[in-house]
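S.K.:
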Amino acid sequence: MSETIRVLIPEEKVDERIRALGQQISEDYAGKQIHLICVLKGGVFFMCELAKRITVPVSMDFMCVGSYGDGTASSGVVRIAKDLDESIENKEVLIVEDIIDSGNTLYYLIDVLKKRNPASMRLCTLLDKPDRRVKDVKVDYCGFEIPDEFVVGYGLDYAQKYRNLPYIGVVEGLEQEGV
Ligand code: IMP
Ligand code: MG
Numbered sequence: 001m002s003e004t005i006r007v008l009i010p011e012e013k014v015d016e017r018i019r020a021l022g023q024q025i026s027e028d029y030a031g032k033q034i035h036l037i038c039v040l041k042g043g044v045f046f047m048c049e050l051a052k053r054i055t056v057p058v059s060m061d062f063m064c065v066g067s068y069g070d071g072t073a074s075s076g077v078v079r080i081a082k083d084l085d086e087s088i089e090n091k092e093v094l095i096v097e098d099i100i101d102s103g104n105t106l107y108y109l110i111d112v113l114k115k116r117n118p119a120s121m122r123l124c125t126l127l128d129k130p131d132r133r134v135k136d137v138k139v140d141y142c143g144f145e146i147p148d149e150f151v152v153g154y155g156l157d158y159a160q161k162y163r164n165l166p167y168i169g170v171v172e173g174l175e176q177e178g179v
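For the sequence shown, the tail end lands on 179 under UniProt numbering, and the numbers increase by one without skipping.
(1) Alpha carbon to alpha carbon, how far is Arg19 from Val78? Give it in angstroms, no decimals.
(2) With a Cβ-Cβ cutoff of 7 Å, do Thr125 and Ile100 count as a contact?
(3) Taking the C-alpha atoms as reference points, what is the distance between Ser59 and Gly173?
(4) Is any heavy atom of the ligand IMP found at a distance shorter than 6 Å from the C-beta of Asp111?
(5) Among Gln33, Arg132, Val44 and Glu92, which one has its Cα closest to the Cα of Gly153?
(6) Starting from the Cα of Tyr158, find the closest Cα among Asp148, Pro166, Val170 and Pro147 and give me that residue.
(7) Determine the DSSP secondary structure at Pro10, reduced to helix, strand or coil.
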C-alpha cells in the first residue's frame, strides 16, 4: 500500500493558531526581548511563522538534537548534532519545537540548556501528543494537542519527506517496521 496524507489540521487553522500564540507570547514578554531557539529541522517552519507574529524584539538561534532515525518511534537516544552559536546566559529563552511526543528530546535539551544560566526558559510547541509522554516536560505554549497518530507537514517529516506541506496531515498506509 502506498502512503497517502489525510489532512488533520488545515493550513488556515494552523495559521490562525500561530497568530494567537504570537499575540499571547508578545503580551507575556512585554518590555522584554525573546531569544528564540529553534529545534531543527522540524521546528523551523513554525519558528519563522511564530516570529513574524511576535511584536517584542526577538533574536534567534538554532540547535539540532536528534533521537530519530527514519522510523516513526523514538530510539530514546538523544544526541546534539548542532549546538547553539551564541551564549544564552541572562537571555529570555523560548524553545520552539515542532512536536512533543515521548518528551525524551526536550527533557534532555532543557536539562542541558538550564545549566547555561538563561534568565528564563520556556517551551513552545506546535503540537503535543500527551498520550505518548514518557518524560515529564512542562509545555508553556502549545498550538494543538493531537491524538497518537504519526503526523507530517509544517516542518514534520516522515523519512525526510513532507516537511513542506503547509498543513498538518496523518500518513496513512505506512509500512510496518516493527515499531
Ligand atoms: P520525543 O523525543 O519523543 O518527544 O520526540 C521529539 C521528536 O520526534 C520531534 O521533535 C519530532 O522530530 C519527532 N516526532 C515525534 N512524533 C512525530 C510525528 O508524529 N511526526 C513526525 N515527527 C515526529
Ligand atoms: Mg523535532
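Every residue gets a Cβ at the ideal spot worked out from N, C-alpha and C, and that includes glycine.
M.R.: In short, the structure shows the following:
(1) Answer to the nearest angstrom: the Cα atoms are 31 Å apart.
(2) Result yes, Cβ atoms of Thr125 and Ile100 sit closer than 7 Å.
(3) When rounded, the distance between both Cα atoms is 40 Å.
(4) Using a cutoff of 6 Å, the CB of Asp111 does not count as near the ligand IMP, since none of the ligand's heavy atoms is closer than that.
(5) Of Gln33, Arg132, Val44 and Glu92, the residue nearest in Cα terms is Val44.
(6) Just measuring C-alpha positions, the residue of Asp148, Pro166, Val170 and Pro147 sitting nearest Tyr158 is Val170.
(7) It is coil, neither helix nor strand.
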